Amino acid sequence: MVHQKQQQQQQNPRKSVGVMGSRRIFAPAFKLKVLDSYRNDIDCRGNQRATARKYGIHRRQIQKVVTVRG
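Each residue of the sequence shown is one higher than the one before, counting from 1 in full-length UniProt numbering.
Here's what the structure looks like:
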């Protein structure tokens with residue numbers, strides 16, 4: 001039973017709701033890439049929602065990166 005649950009978690013790790021430590025931590029290089037797209041990409045220049053859709057993250061994360069990195 002335990003082995004079966006471990007296999008399920010390995011196959012789909014994002015479905016582990018309620019597990020502590022399930023927040024994603026983004027690498028500084030990824031944050032810079034997102035910020036660069038937000039500022040310069042023709043498809044999403046200055047648009048937090050479009051940038052978030054492009055990278056599959058929440059709009060609030062874009063807002064935080066823009067605020068911190070200025």
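Every residue, glycine too, gets a C-beta built ideally from N, C-alpha and C. All of these numbers come straight from a predicted model, not from anything done at the bench.
Label residue i either buried or exposed according to how many other C-beta atoms from any shown protein chain fall within 10 Å of its C-beta, with 16 as the threshold for buried.
i     : result
ALA52 : buried
SER22 : exposed
ILE62 : buried
SER16 : At SER16, the pLDDT of 48 sits below 50, so the modelled position is not reliable; the number obtained from the coordinates is stated separately. Its Cβ having fewer than 16 others within 10 Å, SER16 is exposed.
For residue i, I'd like the list of residues in its chain whose CB is within less than 7 Å of its CB, leaving aside the five on either flank, ordered along the chain.
i     : result
ARG59 : GLN48, ARG49, ALA52
Give every residue of the same chain whose Cβ lies closer than 8 Å to the Cβ of residue i, excluding the five residues on either side of it in the sequence, and list them in chain order.
i     : result
VAL66 : LEU35, TYR38, GLN48
Using a threshold of 9 Å, state whether the C-beta atoms of residue i and residue j are closer than that.
i     : j     : result
ASP43 : LYS31 : no
Starting from the C-beta of residue i, find all residues in its chain whose C-beta is less than 6 Å away, skip the five residues before and the five after it, and write them out in chain order.
i     : result
LYS64 : none
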